[in-house]
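Student: A single structure is presented below for examination.
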Amino acid sequence: MIPIGKEFYHLDSVDSTNNFAAKLINDQICQNSAVILADEQSAGKGQMGNTWESAAAANLLSSFVWKPDNLSVTDQSKISWMISLSVHKLLLRLGIDASIKWPNDIYVGSKKIAGILIENQLEGNHISWVIAGIGLNVNQCQFETTNATSVQLVTGTTFRIKTILNELTDIINGYLRQWNTIEDSLKSDYESLLYQKGQQAVFLDTHGEFEGEILGVQDDGRLQIKVSNELRFYSLKEIQFCSK
Ligand code: BTN
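Numbering follows this note's numbering, in which position 173 of the sequence shown is assigned residue number 173; successive positions increment by one, without gaps.
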């Protein structure tokens, strides 16, 4: 796939970088790709209708936009795995060993350091545009929730947001350039980094709490959990993690 080019927007403040990206596409301002960075979001969006909170100018609030060649809607999980792997690789370069909490939260130990919100645009059964929103806690050291952490809290070092963004763009572009050779290994690379994989853990579904073991994911992105000798498959809204 063609790497993301030089179109770059650095905004002081915006509702959401993902919304800004969607506007660029809908107004036909974006040609092939763009990177959007904001110092602050007034309505940052998280998964499942949640909000994404961030102190001003402390963290990475970004969206990566590109027009993929020839990806079908069934390839959406590959994009999600690739973006999770990119954030994981970025953190490794900063000296942080993270894991991926299904589907695409990035964790250090039992604390969340980054969140990903992918809002692709579809045309028929094709992905016409990828919008990958990435929020990474970089220099913020105090959080309202107890289960959040940041690069600074983990490493003791302050980082320039723009340096982190450039590094992340290079990593994503590496995956895009090599897409044809790496697309088949994305799933197993992703699975090898899954949080709580291979451990007995407690989950909650519509029937109540149960104990099970994460084995991996299906091609469509659903989580595979082994409960006694039964294999169960879950999509995003169907399950919650209960164990730390
Ligand atoms: C989640 O963990 O629930 C996903 C959080 C995604 C947050 C990022 S910040 C940049 C981009 N713009 C948004 O409005 N959300 C994503």
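Even glycine gets a Cβ: it sits at the ideal position worked out from N, Cα and C.
Work out the CA separation of N229 and A22 for me, nearest whole Å.
Tutor: Taking the straight line from one Cα to the other gives about 44 Å.
Student: Taking the alpha carbon of I118 as the reference point, which residue from I127, K112, A148 has its own alpha carbon closest?
Tutor: Per the Cα distances, I127.
Student: Mind reading off the beta-carbon distance from Q196 to I214? Whole number of angstroms is fine, and I expect it under 8 Å.
Tutor: Right, their Cβ atoms sit about 6 Å apart.
Student: At which residue ranges does the region 125 to 182 contain complete beta strand (DSSP E) runs of 3 or more residues, listed in the order of the chain?
Tutor: Runs of the beta strand (DSSP E) inside the region 125 to 182: 126 to 136.
Student: So the candidates are Q41, V130, N59, S243; which of them puts its Cα closest to the Cα of L153?
Tutor: Comparing Cα positions, the closest option is N59.
Student: Kindly examine ligand 1 and report whether one of its heavy atoms sits closer than 8 Å to the Cβ of S99.
Tutor: No, the beta carbon of S99 sits no closer than 8 Å to any heavy atom of ligand 1.
Student: Name all residues in chain order for which at least one heavy atom of ligand 1 lies closer than 5 Å to the residue's CB.
Tutor: Matched residues: S16, T17, N18, G44, K45, G46, Q47, W52, L61, G115, L117, G133, G135.
Student: Once the 5 residues before and after G5 are set aside, which same chain residues still bring their CB inside 7 Å of it?
Tutor: Taken in chain order, the residues that qualify are N32, S33.
Student: Across which residues does DSSP place V35 in a beta bridge pair?
Tutor: In the DSSP output, where bridge partners are listed per residue, V35 has F8, F64.
Student: Is the region 190 to 210 touching the region 167 to 181, taking contact as three or more C-beta pairs under 8 Å?
Tutor: Short answer: they don't touch.
Student: Identify whether S185 lies in helix, strand or coil by the three-state DSSP scheme.
Tutor: It is coil, neither helix nor strand.
Student: Is it a yes or a no for the region 87 to 105 touching the region 198 to 213, going by three-plus beta-carbon pairs under 8 Å?
Tutor: No contact exists between the region 87 to 105 and the region 198 to 213.
Student: Here's a check: name, in chain order, each residue in its chain whose Cβ is nearer than 7 Å to the Cβ of R177, leaving out the five neighbours to either side.
Tutor: Counting only Cβ-Cβ distances below 7 Å, and skipping sequence neighbours, we find P3.
Student: From D39 to V227, what distance separates their C-alpha atoms?
Tutor: Taking the straight line joining both Cα atoms gives about 44 Å.
Student: Identify, in the order they occur along the chain, each residue of the same chain with its Cβ nearer than 6 Å to the Cβ of F251, setting aside the five sequence neighbours on each side.
Tutor: A question about residue 251 goes unanswered here, because the residues of the chain that appear run from 1 up to 244.
Student: Taking only the alpha-carbon atoms, compute the straight-line gap between I225 and I100 and give it to the nearest angstrom.
Tutor: So the two alpha carbons sit approximately 16 Å from each other.
Student: Is there contact between the region 134 to 148 and the region 106 to 126, where contact requires at least three CB pairs shorter than 8 Å?
Tutor: With a cut-off of 8 Å, the region 106 to 126 and the region 134 to 148 count as touching, because enough Cβ pairs lie within range.
Student: On the DSSP letters alone, give me the boundaries of the alpha helix (DSSP H) that Q76 sits inside.
Tutor: From DSSP, the alpha helix (DSSP H) with Q76 extends over 76 to 93.
Student: Using three-state DSSP, classify G208 as helix, strand or coil.
Tutor: Here G208 sits in strand by DSSP.
Student: Could you tell me if S84 is buried or exposed, where buried requires 16 or more neighbouring beta carbons within 10 angstroms of its beta carbon?
Tutor: So S84 ends up on the buried side.
Student: Tell me the residue span of the alpha helix (DSSP H) that contains K23.
Tutor: Residues 17 to 26.
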